[in-house]
Amino acid sequence: MRRAMWLGCLLAGACATVRVPTGELAESRAQVRVAEQAGAAGDADAALYLMRARQQIDDAQVLIAHDRYGDARRTLERAGMDAKLATALARAASARADARDAQRQVDELKARVR
Amino acid sequence: MTRRILIHVAAVALMAACATSGTSRELVEARATFARANASGAPAEAPASMAEAARLLQAAERANASDARSMRERQLAYLATRQAQIAIAEANARVAKKDAELARAALARRANEALTAAEASKAEATSEGERRAEIERELAETRTKLAEKGQALDQQTQQLRDRETALQAELAALRGERERVVHERDAALAQVKEFAKIQEEKRGLVITMPAEVLFRVDEATLLPPARAKLEEVAAALQKLGPGQTFMIEGHTDSRGTAEYNVRLSKARANAVREFLISRGVEPGKIIASGRGEAEPVAENTNPEGRANNRRVEIIVTPPAVSVK
Chain A
1 MRRAMWLGCL
11 LAGACATVRV
21 PTGELAESRA
31 QVRVAEQAGA
41 AGDADAALYL
51 MRARQQIDDA
61 QVLIAHDRYG
71 DARRTLERAG
81 MDAKLATALA
91 RAASARADAR
101 DAQRQVDELK
111 ARVR
Chain B
115 MTRRILIHVA
125 AVALMAACAT
135 SGTSRELVEA
145 RATFARANAS
155 GAPAEAPASM
165 AEAARLLQAA
175 ERANASDARS
185 MRERQLAYLA
195 TRQAQIAIAE
205 ANARVAKKDA
215 ELARAALARR
225 ANEALTAAEA
235 SKAEATSEGE
245 RRAEIERELA
255 ETRTKLAEKG
265 QALDQQTQQL
275 RDRETALQAE
285 LAALRGERER
295 VVHERDAALA
305 QVKEFAKIQE
315 EKRGLVITMP
325 AEVLFRVDEA
335 TLLPPARAKL
345 EEVAAALQKL
355 GPGQTFMIEG
365 HTDSRGTAEY
375 NVRLSKARAN
385 AVREFLISRG
395 VEPGKIIASG
405 RGEAEPVAEN
415 TNPEGRANNR
425 RVEIIVTPPA
435 VSVK
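These protein sequences, in sequence, are chains A and B. 1 is the number of the first residue of the first sequence in the working numbering; add one for each residue after it. 115 is the number of the first residue of the second sequence in the working numbering; add one for each residue after it.
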């Protein structure tokens with residue numbers, strides 16, 4: 001049944017529901033790694049979306065196991081965006097910490113000069 | 115570009131709102147989040163992400179318009195929400211980066227200022243140190259010079275002291291010499307004092323002898339006893355030292371004519387002079403003069419006075435002190 005569908009997909013050109021979303025799975029896993037490397041686990045807001053991303057990847061794997069590729073694909077798409085958001089939030093937190101640090105140095109210098 | 119997309123999305127949203135089928139909660143959330151992102155600094159700081167969020171929201175609105183609350187609409191709305199959140203986060207990150215850059219620039223500026231100030235004060239300290247060293251060198255030189263001058267002055271002082279000591283010794287010697295001379299003179303004159311009056315006057319040492327002792331009345335010839343006495347006078351005069359000059363003055367009383375008295379007194383003075391020359395006094399050093407009655411020493415109105423006026427004076431003048 002699946003093979004027939006697959007062949008049909010090839011001919012029809014609409015293969016989304018039939019193809020195993022291995023690419024999308026790899027892509028979203030990669031995005032999660034980027035988020036981890038950006039330090040998402042260390043920031044509260046970022047960690048939330050990192051967790052969501054991981055959860056949705058797990059959900060997608062279950063869906064794949066049940067041949068629900070379309071749902072899996074959409075789930076993985078959401079997971080990827082969650083991971084990107086986690087990355088952006090982690091980077092923002094890091095930049096704010098850096099700015100606070102620089103400002104602290106300026107304040108210290110001002111205090112010393114006075 | 116973003117503003118145009120916003121207006122377009124708003125138009126589509128308005129259309130969708132008018133649709134009777136409704137809106138998924140995902141789409142509602144997407145609109146709200148997009149509006150929030152738009153109101154923040156995201157359009158300025160993260161334009162690319164905002165454009166992507168607008169595109170996704172637009173797609174979600176179209177999906178809503180064609181098939182309200184469909185899976186497609188909800189998926190696209192979800193993605194749009196996340197994208198809008200990413201835009202906000204990126205904008206925050208960029209603003210924070212700018213702040214950090216400003217702070218670091220200020221730090222660098224201050225550090226530079228501090229470094230420049232430190233270098234300036236170091237240079238000042240160095241130049242001040244150099245000035246100080248210069249002043250100390252001059253001071254040391256001046257000290258050395260002063261020390262040398264001090265030494266020279268000490269030497270001078272010592273020399274002066276030595277000279278003073280020598281002069282004092284000379285003075286003492288001279289005083290001693292003078293005393294000796296005076297003593298000798300006194301000793302020499304002691305004998306003469308037996309028969310003559312000796313007096314130190316302004317005009318010199320004056321030895322006065324009465325005329326009676328030397329001459330007969332009205333005569334200018336020395337009596338034999340007078341010679342003996344004049345011998346002693348001559349000896350004494352020798353003892354007075356070399357270079358003395360002698361003035362012999364003859365005086366009479368007022369009896370007789372003035373002319374006669376002058377002649378007599380002059381003759382008598384000459385007699386004494388000649389005798390003294392014969393006894394060794396240098397002729398060039400001895401002068402005789404007759405004063406007559408012109409210089410009495412007493413009143414001629416009584417015999418005593420007249421006797422006193424009849425006299426011969428020998429005035430001894432010491433040699434003139436020549437200033438060499």
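We put the CB at the ideal spot given by N, CA and C, even for glycine.
- Counting only runs of 3+ residues, the beta strand (DSSP E) found wholly inside the region 389–425 of chain B occupies 400–406, in chain order.
- At least one CB of chain B lies nearer than 8 Å to the CB of A99/A.
- Residue environment: N226/B is assigned as exposed (fewer than 16 neighbouring CB atoms within 10 Å of its CB, all protein chains considered).
- At a cut-off of 8 Å, the C-beta of D58/A has no neighbouring C-beta in chain B.
- In the structure shown, the three-state DSSP call for Q358/B is coil.
- Here M323/B is bridged, per DSSP, to V426/B.
- Contacts with chain B at 8 Å (Cβ-Cβ) include A102/A.
- According to DSSP, residue pairing for Q313/B in a beta bridge involves V320/B.
- Taking C-beta separations shorter than 7 Å and ignoring five residues to either side along the sequence, the partners of A151/B in its chain run M164, A167, A198, A201, I202, following chain order.
- For G357/B, the closest of V320/B, D332/B, V395/B by C-alpha to C-alpha distance is V395/B.
- In the three-state reduction of the DSSP assignment, E363/B falls in the strand class.
- Close CB contacts of A47/A within its chain, under the 8 Å cut and outside five residues either way in sequence, are with A40, A41, A86 (chain order).
- Against chain A, the beta carbon of R224/B has neighbours under 9 Å at V106, L109, K110, V113, listed in chain order.
- About 19 Å separates the beta carbon of N384/B from that of A372/B, a gap too long to meet the 8 Å contact definition.
- Cβ neighbours of P433/B within its own chain (closer than 6 Å, five residues either side excluded): G357.
- At a beta-carbon threshold of 8 Å, the residues of chain A lying near D213/B are A99, A102, Q103, ordered along the chain.
- Any Cβ of chain B closer than 8 Å to the Cβ of E77/A would place that residue at the interface, and such an atom is present.
- By the Cβ-count criterion, H297/B is exposed, with fewer than 16 other Cβ atoms from all chains shown falling within 10 Å of its own Cβ.
- The C-beta distance from A35/A to I57/A rounds to 12 Å, too long to meet the 8 Å contact threshold.
- T431/B carries a strand assignment under DSSP once its states are collapsed to helix, strand and coil.
- E204/B reaches chain A at A88, R91, A92, counting residues in chain order whose Cβ is nearer than 9 Å.
- When C-alpha distances from R382/B are compared across E409/B, S392/B, R330/B, the shortest belongs to R330/B.
- Spatial neighbours of R208/B in its own chain (CB-CB distance under 6 Å, excluding positions within 5 residues in sequence) are listed in chain order as E159.
- The three-state reading of DSSP puts L303/B in helix, counting H, G and I together.
- At a cut-off of 8 Å, the C-beta of A149/B has no neighbouring C-beta in chain A.
- CA-to-CA, the gap between R425/B and K380/B works out to about 12 Å.
- When the beta-carbon positions are compared, V376/B and I428/B stay at least 8 Å from each other.
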